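Notes to accompany the following structure.
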Amino acid sequence: MIPFSVLDLSPIVQGSSAALAFRNTLDLAQHAERWGYRRYWLAEHHNMPGIASAATSVVIGHVAGGTKTIRVGSGGVMLPNHSPLVIAEQFGTLESLYPGRIDLGLGRAPGTDPRTTLALRRDRVTADESFPRDVVELQGYFAPVAPGQAVRAVPGAGLRVPIWLLGSSLFGAQLAAMLGLPFAFASHFAPAMMMEAIAIYRERFRPSAQLPAPHVMLGLNIVAAETDDEARYLFSSLQQSFINIRSGRPGRLPPPVADFDSHIDPYARAMLDDALVCAIVGNAQTVREGMEAFVERTGADELMVTANIFDHAKRKQSFVIAAEVGGCTVRAHQDQRSA
Numbered sequence: 029m030i031p032f033s034v035l036d037l038s039p040i041v042q043g044s045s046a047a048l049a050f051r052n053t054l055d056l057a058q059h060a061e062r063w064g065y066r067r068y069w070l071a072e073h074h075n076m077p078g079i080a081s082a083a084t085s086v087v088i089g090h091v092a093g094g095t096k097t098i099r100v101g102s103g104g105v106m107l108p109n110h111s112p113l114v115i116a117e118q119f120g121t122l123e124s125l126y127p128g129r130i131d132l133g134l135g136r137a138p139g140t141d142p143r144t145t146l147a148l149r150r151d152r153v154t155a156d157e158s159f160p161r162d163v164v165e166l167q168g169y170f171a172p173v174a175p176g177q178a179v180r181a182v183p184g185a186g187l188r189v190p191i192w193l194l195g196s197s198l199f200g201a202q203l204a205a206m207l208g209l210p211f212a213f214a215s216h217f218a219p220a221m222m223m224e225a226i227a228i229y230r231e232r233f234r235p236s237a238q239l240p241a242p243h244v245m246l247g248l249n250i251v252a253a254e255t256d257d258e259a260r261y262l263f264s265s266l267q268q269s270f271i272n273i274r275s276g277r278p279g280r281l282p283p284p285v286a287d288f289d290s291h292i293d294p295y296a297r298a299m300l301d302d303a304l305v306c307a308i309v310g311n312a313q314t315v316r317e318g319m320e321a322f323v324e325r326t327g328a329d330e331l332m333v334t335a336n337i338f339d340h341a342k343r344k345q346s347f348v349i350a351a352e353v354g355g356c357t358v359r360a361h362q363d364q365r366s367a
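Counting in the working numbering, the sequence shown runs from 29 upward without gaps.
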């Protein structure tokens, strides 16, 4: 039994709005807390019509303020889009408001398209190259204030907010190992280098003040329903959304389509097979077998479950099935029915 956590992209579905997406996010977080999930993370994306969590720290505050015990954090903040001091102040504020419950996951990707990246970063090359230095600078802002330190994060200094490194390649694994930080791999959409990244991280890990031994969390799409057929039907919303994004046509999360696999061309099929090969889609038994095989193959220390499902009630049902299967809580299904 390993911890289960939630990655929420705060999806904006077709015919809806960001306001409803935020209400659904808080509702799901409150239920995830009761169902036994350890963390609830939100991701930074920009200029994405189907994702509402662009102002990630603001949404984290919204969720933390509406929950009591679950850890809430970023999965992640794209650090090259920001100055380390600003992020230290934001997350120092969150930690001060919700002590002991805030995680700071950091990514190096822009979280958007090239044109929006330019609008965010201005100098993309410099931002990419300075990422390791920026992570170390950010760590320093959370340390106790040193004698003569001229610039400090207020609030932030001395709070030691837990930092995670996120990645979808070998770079993040190497940096996380070198700095002795927990590592979250984006296997839910970029699994190609997953096994190699895990091996490098574990082999090269250096213990740190934050973490004495390596800790790997893996992203995993789980779409669960009463039957395999229903789960595949619900999964088609994510499949459509992924094809649209990769084709340069991002939009709001579309409704599911029956027998979607028979409607797509070979190029789209290859794209989905490559990106979503780790997805687990089916009923409780199918999900149980898939998760057990995935954990056995990877040796994951924690799973970060995500599911972009059009219907909010069906989305909650998917997470409760995953919680039951993963052993988060034996009361999960009964609680979901009464909610």
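We put the CB at the ideal spot given by N, CA and C, even for glycine. What you are looking at is a predicted structure, and each value in this text was computed from that prediction instead of being measured.
- Taking C-alpha positions only, Y229 is separated from V173 by approximately 30 Å.
- For S33, the number of other beta carbons within 10 angstroms of its own is at least 16, and it is reported as buried.
- The beta carbon of M332 sits closer than 6 Å to those of S33, L35, M245, G247, all from its chain and outside the five residues before and after it, given in chain order.
- With fewer than 16 other CB atoms across the displayed protein chains lying within 10 angstroms of its CB, E157 is exposed.
- Looking at the DSSP output, M332 sits in a beta bridge with S33, G247.
- Relative to the Cα of H73, the nearest Cα in the group P183, F119, P138 belongs to P138.
- Judged by pairs of C-beta atoms under 8 Å, the segment 284 to 295 does not touch the segment 84 to 92, as fewer than three such pairs exist.
- About 19 Å separates the beta carbons of S236 and F213, which is beyond the 8 Å limit, so they are not a contact pair.
- Ranked by how close their Cα comes to the Cα of I349, the residues T144, D256, P77 have D256 in first place.
- Here the C-alpha atom of A307 lies approximately 8 Å from the C-alpha atom of V251.
- Going by C-alpha positions, P39 is about 15 Å away from F347.
- As for any beta strand (DSSP E) of minimum length 3 sitting wholly inside the segment 57 to 113, the runs are 67 to 70, 99 to 106, ordered along the chain.
- For G168, the enclosing alpha helix (DSSP H) begins and ends at 159 to 170.
- Using a Cβ-Cβ distance cut-off of 8 Å, the segment 100 to 108 and the segment 292 to 301 are not in contact, since fewer than three pairs of beta carbons, one from each stretch, lie closer than that value.
- Annotation: A92 to W69 spans about 10 Å, alpha carbon to alpha carbon.
- Within its own chain, the residues whose Cβ lies closer than 7 Å to the Cβ of Y261, once the five positions on either side in sequence are excluded, are P284, A286, listed in chain order.
- Spanning the alpha carbons of A341 and S111 requires a straight line of approximately 38 Å.
- Secondary structure note for A351: its alpha helix (DSSP H) is the uninterrupted segment 340 to 354.
- In the three-state reduction of the DSSP assignment, V41 falls in the strand class, which pools E and B.
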